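**Student:** Counting in the working numbering, the sequence shown runs without a single skipped number right up to 247 at its last residue. Glycine included, each C-beta is placed from N, C-alpha and C at the ideal position. Predicted model, so just to flag it, every value in this text is computed and none were measured.
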Amino acid sequence: MKEDILHNLALINDRIKKSCIKAGRNTDEVRLLLATKTVSAERIKMALENGQILIGENKVQELKEKYEDLQQIPHENHFIGHLQTNKIKDILRYDVTCIQSLDRWDLAEKLHQRLLAENKTIEVLIQVNTSDEESKFGTDPAQTIELIKKISALSTIKIKGLMTIGLFSAETEKVRACFKILKNLQQEIMHENIQHVEMKELSMGMSGDLETAIEEGATIVRVGTAVFGTRIYPDSYYWNEGKENKE
Ligand SMILES: *Cc1c(COP(=O)(O)O)cnc(C)c1O
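(1) Inspect the CB distances between the region 77-86 and the region 142-149 and report whether three or more fall short of 8 Å.
(2) Hey, how far is the Cα of D103 from the Cα of N119?
(3) Using the rule of at least 16 other Cβ atoms within 10 Å of the residue's Cβ for burial, across every protein chain shown, is D209 buried or exposed?
(4) Please determine, among L125, V175, C178, the residue with the shortest C-alpha to C-alpha distance to I151.
(5) Q113: buried (16+ other C-beta within 10 angstroms of its C-beta) or exposed?
(6) Buried or exposed, going by whether 16 or more other CB atoms sit within 10 Å of the CB of G217?
(7) Indicate whether L70 and A41 have their beta-carbon atoms separated by less than 8 Å.
(8) If you draw a straight line from the alpha carbon of Q186 to that of I99, how long is it in whole angstroms?
(9) Taking 8 Å as the threshold (C-beta atoms), are M204 and M163 in contact?
(10) Based on Cα-Cα distance, which residue from D132, Q127, I88, I122 lies nearest to I287?
(11) Out of L32, V30, Y238, which has the shortest C-alpha to C-alpha gap to F137?
(12) For the alpha helix (DSSP H) containing A226, list its first residue and its last residue.
(13) Classify T212 as helix, strand or coil using the three-state DSSP reduction.
(14) Alpha carbon to alpha carbon, how far is S131 from E65?
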């Protein structure tokens with residue numbers, strides 16, 4: 001089991017390296033985030049003990065369950081799942097340094113209120129829906145700049161870049177189009193020179209499409225299956241949940 005994880009990590013790091021070389025980029029420009037939904041703390045530790053640093057959960061409940069077990073070992077925690085406003089208070093308890101999935105104003109506003117009350121700040125990425133699929137969260141690309149301008153006025157929230165989930169398709173060029181939308185948005189936003197907004201991070205690319213994402217400029221790739229194996233729950237459990245709740 002441990003051997004599998006270490007072997008898979010070596011394969012992923014090799015894929016990242018090869019993609020960087022192909023794209024003429026330095027390997028250290030791309031960070032590997034381990035998407036750890038459904039993965040036990042014990043198995044996450046095997047990766048952390050072998051040089052991995054960055055992990056990401058989709059659900060506050062899982063963050064909570066694994067928190068104590070993972071505390072003994074240095075790592076960085078991002079949140080990559082859909083965040084419901086009623087979970088804001090909880091998420092701030094578990095040392096999440098970056099919420100990659102901020103995608104709407106009411107969430108930003110409530111997060112800001114809570115951060116103010118706790119005298120904290122947090123880094124975020126703005127999640128963009130680049131695949132035009134109903135089933136995925138994220139702001140509409142056409143509305144992203146307006147949203148970022150509004151959020152930039154909130155002193156506790158530090159925008160560091162953009163995140164997206166690419167289209168699930170075997171057709172690489174269709175997937176690439178999603179990543180290009182994110183890259184183009186990044187460039188546009190940089191040109192706007194919005195105060196307090198940084199655009200250094202592009203979180204895109206997963207087990208199946210990280211090569212394409214790196215070619216298109218990813219600085220963080222989020223990998224789950226290719227390291228930990230297939231999950232029991234379908235991703236729709238993580239990506240559609242809450243949509244009907246009309247937050
Ligand atoms: C699960 C998940 C990933 C990783 O997906 P894999 O295909 O297992 O590599 C990446 N990003 C998000 C937001 C996820 O929920």
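**Tutor:** Short version:
(1) no
(2) 23 Å
(3) buried
(4) L125
(5) exposed
(6) So G217 ends up on the buried side.
(7) yes
(8) 18 Å
(9) Against a cut-off of 8 Å, the Cβ pair of M204 and M163 comes out as a contact.
(10) Because the chain is modelled from 1 through 247, residue 287 falls outside the range shown and cannot be assessed.
(11) Y238
(12) Per DSSP, A226 belongs to the alpha helix (DSSP H) from 225-228.
(13) helix
(14) 32 Å
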